[in-house]
Structure formats: structure tokens, C-alpha cells
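I have placed the structure first, in the form of C-alpha cells, so that the comments after it can refer back to it.
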């Protein structure tokens, strides 16, 4: 292209547009400005090539934009996937925390069980006779089992422990009859009472229920200790079909008058169950025996004091004895026999808390002010 004319120099245009073939294409204004710098307006050919170059640029920019949008969509999907992974990781973490907490709880429980087992190793397992079957042996075996489970509760913390021990004491017909409840997972019974019911149904004579019921109705404690009365009562009551109320009634009805009086002095005894009443009666009986022991010891001590005090009156002169008013009473009034108080007189003075030397009040014969001084002590 020349400066003086509007004709186009093809060589110059070719060189100019060859420079536009790179990836970094200039804008439309830049392309148009190339011809403007030559000093004249662009020709149609120049404008066409400029627009073509711009369209190429536009297509490349659009392609780049689509790629960026695709990458953005992929990144969003990746981000959503990361959110899902994070959520699953958080849920898994909570699950692991719960499992860890449960493991710690189980470890504590197992540790306590281990300590309990180690403590029990130092003690001997309770012993009881085995049960082969039969009505008479069942009453004994039943009572024995209840006693073992009551007094050695540490050995049997659960119902399965009790059932396992009970089944270990069965043999012969009793073991064969109950073997159907023995499984790989333990004893297929819910409680020890259920096992008692199964054995009773097998070995208790139905006709004996009437006999046992009559024995329970007629049973009395009398002068026996409560534990002896209870042992007989519990052996017979298991062979009856009495309910809880009837058991309570007949247990109390057979008590001695003394036990009933002591029971009535306790608060709340009427609302107790059969087993709770038995525990209360054991306590009542224990207190009564303690009272009897103290009373017996006091009586023996008083008897020794009375013999000692009466022995000091063997050398007394009956004429020198006086009554509580200080008056002379003489030998006949004092019931002296060979210088010694009679048993009746001694008992009377002891009951009235009188001195066995002078029949005075407020002191005993050892400290009686009217008693002559002992020669040995005076010396």
C-alpha cells in the first residue's frame, strides 16, 4: 500500500496478517488500527480479513470458556464428592467414638468381674447334697438350695449362675428329667423359681399337698427357737398350693405368744412380704435371745451376791438385828435358822431390795453400816 493512493499493497497486507496467526490475537480496534497507521481508511478486503481473524479469536475464546466451564463443573462435582466423604468420615468418627465408649464400659465391667472371680477363688464353693428325685428328698433339697443362694449370694450374681449350680447338684432321674433345659447357651429357664416349679411338678406327690397343708395349719412354735420352727414350716409349705397371703397367715399363726408380742411392737410389719417377714422374725428372735442371755447372766450374778451376803449372817446375834425403822425384831421375826436366813426371807429381801444383814434400805450387806468391822481389815 502506498502513501499517495488508496490502492492496497498485497505484499504489505500479507505480511501484516501473517503476524495475526499466533494464539494471542489482537482486538478488533487493534486490527483496524493497523491500516489506519498507513494513513488511509481500511479497504473492504482489509475489513473482511480483520473480521475473519476476530471470528477465529472469538471461537478460540468460546472454546476456552467452555473448557473452563467444564473444569468448573468437574471441580464442583469433586467438591460435592469431598463433602460426601467428609460427612461419611464424620459419621464414622461418631460411630468409632461410641464403640470406644462401649469398649471402655465393657472393659470396666469385665475388670470388675475378674476381680470378683479372683476374690471367689480364695473361697470354697458352697456344698450341698445332690438330688436324685423323690418327694421327701425334694423338700430337703429345695430348702438347702434356698439357703445356699441366700447365704452365699456372691457366688451367684445372676439367675444363670444359680441355675448352673442347681443343675450341677442333680443326678439320676432328676438330672435326666431336667436335661431338656440344658443347651449350649446355658440353661433355657428364666429364673431359679421356674426351675423349682419344674422339679416340684415332677417329684411332689399331689396327694401329699393335703397332708402338708394340714401340717402347716397345725404347726406351732411352742418353746422352740424360731429357726427350728421356720425349718419345719418351710419344708411343708413348699408342698402346698398356698398363696402369699395364706403363707403369711399360717407363719404368724404358729408363732409363740412371746414372738407375736415382740412382732407387734415393730412398725410396718403388716405390709411385708413372706420373705421380708421371715427376715424380720429372724431379727426379733435374735433380740429375744440376746435379752434372755443378759437376763440369765444378771440372775446368776444376783444369786452369787445373795449367797455371799447370806453367808455373812451365820454369826449374827438375832437380838441385835433391827428393821427398817431401827426397831429390834428378834430372831423369830427374821426367820433365822441356825443363824442363817431362810430361803423365803432371802428372796423377800432381794425382791424388796433390802439389806440381807440388817433389812435396811439403800445399801447391801457388804457395805452395811450396822455390820461389825472385820478384824483383818481393822488390823
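Residue numbers (full-length UniProt numbering): 1 to 379. Backbone N, C-alpha and C define an ideal beta-carbon position, used for all residues, glycine too.
When Cβ pairs closer than 8 Å are counted between the two stretches, the region 167 to 177 is seen to touch the region 129 to 137, the count reaching three or more. The three-state reading of DSSP puts residue 172 in coil, since its state is none of H, G, I, E or B.
A contact is defined here as three or more CB-CB pairs under 8 Å, and the region 247 to 256 meets this definition with respect to the region 268 to 279. Excluding its 5 nearest sequence neighbours in each direction, residue 255 has C-beta neighbours in its own chain below 6 Å: 221, listed in chain order. Sixteen is the threshold: when 16 or more other Cβ atoms of the shown chains lie within 10 Å of the Cβ of residue 285, as they do, the residue is buried.
The three-state reading of DSSP puts residue 361 in strand, counting E and B together. When the alpha-carbon of residue 138 is set against those of 216, 77, 238, 97, the nearest one is in 238. Taking C-beta atoms under 8 Å as the contact rule, residue 288 and residue 262 qualify, at a distance of about 6 Å.
If you draw a 10 Å sphere on the C-beta of residue 104, you find fewer than 16 other C-beta atoms in it, and that means exposed.
In the structure shown, residue 147 falls within a helical segment according to DSSP collapsed to helix, strand and coil. Straight-line spacing of the CA atoms in residue 346 and residue 295 works out to 20 Å.
Between the C-alpha atoms of residue 229 and residue 351 there is a straight-line separation of about 36 Å.
By the neighbour-count criterion, in which a residue is buried when 16 or more other Cβ atoms sit within 10 angstroms of its Cβ, residue 86 is exposed.
Secondary structure at residue 134: coil, using DSSP grouped into helix, strand and coil. Under the DSSP definition of a beta bridge, residue 186 partners with 183. A distance below 7 Å between beta-carbons, with the five flanking residues on each side excluded, links residue 198 to the following residues of its chain, in chain order: 178.
The alpha helix (DSSP H) runs lying completely inside the region 187 to 229 and spanning 4 residues or more are 192 to 203, 208 to 218, given in chain order. Taking C-beta atoms as the reference points, residue 108 and residue 234 fail to come closer than 8 Å. Three or more beta-carbon pairs drawn from the region 151 to 168 and the region 187 to 198 are found closer than 8 Å, and the two stretches are therefore classed as touching. Straight through space, the alpha carbons of residue 100 and residue 76 are spaced by roughly 35 Å.
A Cβ-Cβ distance of about 14 Å is found for the pair residue 215 and residue 241, leaving them out of contact under the 8 Å criterion. With contacts defined by Cβ atoms closer than 8 Å, residue 291 and residue 259 do not form a contacting pair. Secondary structure of residue 100 (DSSP, three-state): helix. The DSSP-derived three-state label of residue 356 is coil.
Residue 110 counts as exposed, since fewer than 16 other C-beta atoms from the protein chains shown sit within 10 angstroms of its C-beta.
Cα atoms of residue 300 and residue 361: separation of roughly 22 Å, rounded to the nearest angstrom. DSSP, reduced to helix, strand and coil, places residue 341 within a strand of the structure shown. It is roughly 11 Å from the alpha-carbon of residue 252 to the alpha-carbon of residue 219. By the criterion of a C-beta distance shorter than 6 Å, residue 128 is surrounded in its chain by 144, 148, 169, once the five residues flanking it on both sides are discounted.
Taking the C-beta atoms as reference points, residue 236 is found no nearer than 8 Å to residue 207.
In this model, residue 155 and residue 267 are separated by some 33 Å (Cα to Cα).
Residue 262: member of the alpha helix (DSSP H) spanning 257 to 264, first to last residue.
Residue 355 and residue 298 have their C-alpha atoms some 18 Å from each other.
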